[in-house]
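**Student:** This structure is in C-alpha cells; I'll ask about it shortly.
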Amino acid sequence: MPSRSELAARRLVDAMTVEPVAPTPAVRETITPSRRELANAIRALSMDAVQRAESGHPGAPMGMADFGAVLWNDFLRHNPTHPKWFNRDRLILSNGHSSMLLYSLLHLSGYDLTIEDLRDFRQLGSRTPGHPEYGRTPGVETTTGPLGQGLANGVGMALAERALATRFNRPGFPIVDHYTYVILGDGCLMEGISYEACSLAGTWGLGKLICLYDDNGISIDGPVRGWFSEDIVKRFEGLGWHVIANVDGHDAEAVHRAIAQARAYSESPTLICCKTTIAWGSPGKSGSEKSHGAPLGVPEVAATRENIGWRHEPFVIPPEYYRALDARTKGAAWETEWNELFARYRTKYPEVAAEFERRLACGFPEDWEHLAWNFIQATQERREDLATRVASQRALEFYGPHFPSLVGGSADLTESTGIPWMGCRPVDFEHPDGNLIFYGAREFAMNAIMNGLALHGGYVPFGGTFLMFADYGRSAIRMSALMKLRCVFVLTHDSIGVGGDGPTHQPVEQVAGLRIIPDLSVWRTCDTTETAVAWKAALERVNGPTALIFTRQKLPHQDRTPEQVRTIARGGYVLLDCGDAPEAILIATGSEVQLAVEAARRLNGQGRRVRVVSMPSVDVFDAQDAAWRESVLPAAVTRRVVVEAGVTAPWYKYAGPKGTVIGIDCFGESGSPEIIFQHFGFTAERVTAAVEALFQSGAAF
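Listed below in C-alpha cells is the structure:
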C-alpha cells in the first residue's frame, strides 16, 4: 500500500497537469488567517509555481515569506488598481531570482495578476518571467536579477523622493511622502555595486530608504561563511546607515517592530538584518543550497505541504486569504486621500502645483522644435572648433534651463566630462533638490542610480564618465535599455586621442560594444553642430536610453547648408558630395570625419568623384526608410572606405565585401595624440591611398 507521502505526491502530480479548482465564494465560516498562515500561502504558491515550471528558485521566497508578508500587508502604501499612483511606496526585490515572493504578493493583494499567470511562471510570453521585469508585470517597480542593481535603483528612487519633497512639499502638504523598501540577499551585498550605492545613500542621509536583508547564509554554492564572512552590521554602520541587527525573520511581531523602528528613524537609511532559513518549511531541503536554484521535487513539495499544515491543492488559495491580503480598498482610500490633499495644495499653491505636474510629466517646453533648431542653426553659424565634450557642455547650457526635470552628475569626472552647466546646483545632504550630483568614482552605482531616478518619475537623468569606464557600468546601461528608460550616458575621451594616458584609458572596443546593446541609441559626433543635434535627440527619446560619445581633443567645424543640418537627425547623411553620382564613398564618425573630408577634397581635386557620409548614429540611420539609406549609400557604389578609431569588425556591414575599414584592432599606446593617430595610420594620406587602392583593384562603380 502506498505511503501517505506517496499518495500526497501523486495528488500533486495530478494537480500540476489538470486545471485547478478555482476559488469559490461559497458561504463558510469567516476565518482570519494568522500571519504564519498568510506566509504559508506565499510558500505554497512559490513552490508550486517553481515545480510546475520545472525550474526556478523556491528557497528564497519560502524563506522570506514571513517578513515579506509583514512588510506588504502592514506597511506598504500602494493601490493595486492603480499601480502607477505617484505617492505609493516603492518595493524593490533586488534578489530578483526570488520573484515568486513578489508575484504571490501581487496576486494575493489584488493586482491584475491572475492565478493562471502564476501557473505560467517562467513560460514564454507570460507576465511572470523568471526575474521581475518592469513594464511586463503590474506592480513591478524595476527589472531585477543582476544582483545589487535593484538596491542601487532603490537609492535612486529614495533620492528622487527626498529631492522632490524638499522642492515641493509645504507645511501641512506632504504631497511627496513615501518610502522606498528594498528586499535583498547575500548575493546583493557581495556585489561591488552595493558598496558604491550604499555609501552614497548614507552620505545623502536617505532616511526613507529601508532595506530588509534576507540573512540566510546560503548562496547557490552553499554556506557563504567560506567566502562572505564580513561583519555586515559594522560595514553598514561605517557607511552611515542605521542598522537593526539579529531580527528573527520568521517572527512576524519582531519584523513588524523592526520596520516600525526603521520608519521612525529619519536621519539615515536603515538596514534590517532578518535572520532566516532558506526554504523554511521544507523538511528535506530547508537550510540547504539544494533549494536555491531548482524545484524542491514533487515528493518534497508534498512533504512540505504536510509539514507546514497547508491542506490545499496546488494554486488553490481559500477566499479568506484573499480577503486578508486584498489591498484594493485601502489602496483606493490612500490614493483618494492624496488626491484630495493635492487638490487643496493646488488651490493654495497653484503655480507650484503646476510646476510639480510639469516635473512629473518630464515634458518639453513650449515651442520646443523652434527653440532647439534655432540653437542648432546658430551653433552651425558660429563655426567653432571645439572638443565635442566642450560642445556638449555648450548644448547643456542652452537645453538645461528648458528642462527642469534634467539632473546630471559624474563619477568623479565632473569638469572633465563637461557635466556642470550654468545655474546647476549641487546635490548634498542639506540640499537634496539640486540638479548636479557628485557620484564619486562609482560608475556602476551612478548608472544604476540614474535608472532609479528615471523609474521614480520627475527626473530625466544624465551621467558622465570616460568612455573607457563605460565597461564598469555597462550592466546598468544594459538594464536601462532593457527597461527602455529615459537616461542619457555621456561618455567622453572617446579614442586613442586620449594620448599620453595610454592604452588603459584609450577605448577601442567600447563604442562597438555599446552599439550592439538593443534599444540603446549611440551617437559619436564630429563637431559642435552634430553634438547639438545629438543632445536634442537624446532629450526627445522617451522610450530608451542614449549614449553620447565625445572627444577630449578639439575638432574642426564642418561646413553645411541648413538642409544638411536638418539631415543630421537621420543618423547618417551626406556631409560632402561630389556633384555627380559618386564613384566612391567615405564613411566616418567623430574625430575621423575630418580625415575623410580632407581625403575626399584631395581626390575630388584630382578628378575623382568621392562622397563623404558622416554617420554619427548607426542605429538612427538604420531605422530610416530604405529610400533615405539608398540616397546616402547607393548600393551600386561598392568602393567604400570606413574610418573610425575603433575595432573594425562591425563596419564591414557598411563597407561591403569590396570595401575597406580603417580602424584599430589592438590596444593603444602612450604618447601625444598627434603621434598616436599617425602611429596607427589615422591620416588623410592613408585614407586617400585606401580609396585609390579600390580604384586600382577594379572595385565596381
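For the sequence shown, position 515 matches number 514 in numbering that gives the first Met the number 0, and the numbering has no gaps at all. Glycine included, each C-beta is placed from N, C-alpha and C at the ideal position. Just so it is clear, the structure is predicted and the values come from calculations on it, not from any experiment.
(1) Mark residue 664 as exposed unless 16 or more other C-beta atoms lie within 10 angstroms of its C-beta, in which case mark it buried.
(2) In this structure, how does DSSP classify residue 179 when only helix, strand and coil are distinguished?
(3) Could you pull the start and end residues of the alpha helix (DSSP H) that residue 627 belongs to?
(4) Considering only DSSP beta bridges, list what residue 241 is partnered with.
(5) Alpha carbon to alpha carbon, how far is residue 249 from residue 315?
(6) Once DSSP output is grouped into helix, strand and coil, what is the label at residue 661?
(7) To which residues of the same chain is residue 138 closer than 8 angstroms at the C-beta, ignoring the five residues directly before and after it?
(8) Suppose only complete runs of 4+ residues qualify. What are the alpha helix (DSSP H) ranges in the segment 161-226, listed by chain order?
(9) What are the boundary residues of the beta strand (DSSP E) that residue 464 is part of?
(10) Can you name the residues that DSSP bridges to residue 584?
(11) Is it the case that the segment 464-478 contacts the segment 632-639, given that we only count it when at least three CB pairs across the two stretches are under 8 angstroms?
(12) Which whole-angstrom value describes the C-beta separation of residue 533 and residue 374, a residue pair presumed to lie in contact below a C-beta threshold of 8 angstroms?
(13) Do you know whose CA, among 619, 143, 86, 596, lies nearest residue 337's CA?
(14) Count the other CB atoms within 10 Å of the CB of residue 661; is the residue buried (16 or more) or exposed (fewer)?
(15) Find out if the Cβ-Cβ distance for the pair residue 395, residue 420 is shorter than 8 angstroms.
(16) Looking only at its chain, what residues have a beta carbon closer than 6 angstroms to the beta carbon of residue 67, apart from the 5 residues adjacent to it on each side?
(17) Quick check for students: name the residue ranges of the alpha helix (DSSP H) that lie wholly in the segment 661-691, counting only runs of 4 or more.
(18) At what residues does the alpha helix (DSSP H) containing residue 346 begin and finish?
(19) Report the three-state DSSP secondary structure of residue 694 (helix, strand or coil).
(20) Applying the 10 Å Cβ sphere with the 16-neighbour rule, what's the burial state of residue 561?
(21) By Cβ distance below 7 angstroms, which residues in the same chain neighbour residue 25 in space, the five residues on each side in sequence not counted?
(22) Please tell me whether residue 238 and residue 197 are closer than 8 angstroms, where the distance is taken between their beta carbons.
(23) Would DSSP call residue 150 helix, strand or coil?
(24) CB-CB under 8 angstroms to residue 282, same chain, minus the five flanking residues each way: which ones, in chain order?
(25) Could you give the first and the last residue of the continuous beta strand (DSSP E) run that contains residue 546?
(26) By the three-class DSSP mapping on this structure, what secondary structure does residue 409 have?
(27) At which residues does the alpha helix (DSSP H) containing residue 523 begin and terminate?
(28) Identify every run of the beta strand (DSSP E) within the segment 528-581, keeping only runs that are complete inside it and at least 3 residues long; order them along the chain.
(29) Work out the CA separation of residue 606 and residue 579 for me, nearest whole Å.
(30) Hey, out of 199, 201, 173, 117, whose CA is closest to residue 103's CA?
(31) For residue 221 and residue 62, I'd like the C-alpha separation in whole angstroms.
(32) Below 8 angstroms, can you find three or more Cβ-Cβ pairs linking the segment 428-437 to the segment 397-414?
(33) Just reading off the beta strand (DSSP E) that residue 30 is part of, what are its end residues?
(34) Per DSSP, what are the beta-bridge partners of residue 91 in this structure?
(35) Would you list the residues sitting across from residue 425 in a DSSP beta bridge?
(36) In this structure, what does DSSP give as the bridge partners for residue 491?
**Tutor:** Reading off the structure:
(1) Exposed, since its Cβ has fewer than 16 Cβ neighbours within 10 Å.
(2) Of the three classes helix, strand and coil, the one that applies to residue 179 here is strand, per DSSP.
(3) Residue 627 -> alpha helix (DSSP H) spans 625-631.
(4) 269, per the DSSP bridge assignment.
(5) C-alpha separation (whole angstroms): 24 angstroms.
(6) Of the three classes helix, strand and coil, the one that applies to residue 661 here is strand, per DSSP.
(7) Closer than 8 angstroms at Cβ, skipping near neighbours: 77, 79, 82, 101, 105, 110, 112.
(8) Positions of the alpha helix (DSSP H) runs, each at least 4 residues long and wholly inside the segment 161-226, are given as 185-189, 191-203 in order along the chain.
(9) Its beta strand (DSSP E) spans residues 459-465.
(10) Per DSSP, the beta-bridge partners of residue 584 are 610, 639.
(11) Contact between the segment 632-639 and the segment 464-478 is absent, with fewer than three C-beta pairs closer than 8 angstroms.
(12) About 13 angstroms separates the Cβ atoms of residue 533 and residue 374, ruling out a contact at the 8 angstroms cut-off.
(13) The alpha carbon of residue 337 has as its nearest neighbour, out of 619, 143, 86, 596, the alpha carbon of 86.
(14) Under the 10 Å beta carbon count, residue 661 is surrounded by 16 or more other beta carbons and is classified as buried.
(15) Judged by beta-carbon spacing, residue 420 lies within the 8 angstroms limit of residue 395, meaning their Cβ atoms are closer than that value.
(16) Setting aside the 5 residues that flank it on each side, residue 67 is surrounded in the same chain by 100, each with a C-beta closer than 6 angstroms to its C-beta; the list follows chain order.
(17) Runs found: 672-678.
(18) It spans 327-347 - the alpha helix (DSSP H) in which residue 346 sits, taken as one unbroken run.
(19) Residue state, collapsed to three classes: helix.
(20) In the assembly as shown, residue 561 is an exposed residue. Its beta-carbon has fewer than 16 other beta-carbons within 10 Å.
(21) Interpretation of residue 25 is limited by its pLDDT of 42, a score under 50 that renders its predicted location unreliable; the figure taken from the coordinates is listed afterwards. Same-chain partners within the cutoff: there are none.
(22) Using a Cβ distance threshold of 8 angstroms, residue 238 and residue 197 count as a contacting pair.
(23) In this structure, residue 150 counts as helix in the three-state DSSP scheme.
(24) The residues are 299, 302, 303, 306.
(25) First-last of the beta strand (DSSP E) with residue 546: 545-548.
(26) Reduced to three states, the DSSP call for residue 409 is strand.
(27) Not the alpha helix (DSSP H): residue 523 falls in the beta strand (DSSP E), residues 520-523.
(28) List check, beta strand (DSSP E) in window: 545-548, 572-575.
(29) About 11 angstroms.
(30) Nearest to residue 103 by alpha-carbon distance, out of 199, 201, 173, 117, is 117.
(31) Whole-angstrom Cα-Cα distance: 15 angstroms.
(32) As far as the Cβ criterion goes, the segment 428-437 touches the segment 397-414, which means the pair count is three or higher.
(33) Premise fails: residue 30 is in no beta strand (DSSP E) and is neither H nor E.
(34) In DSSP, residue 91 forms a bridge with 181.
(35) Answer is 435, bridged to residue 425.
(36) Checking the DSSP bridge columns, you'll see residue 491 partnered with 465.
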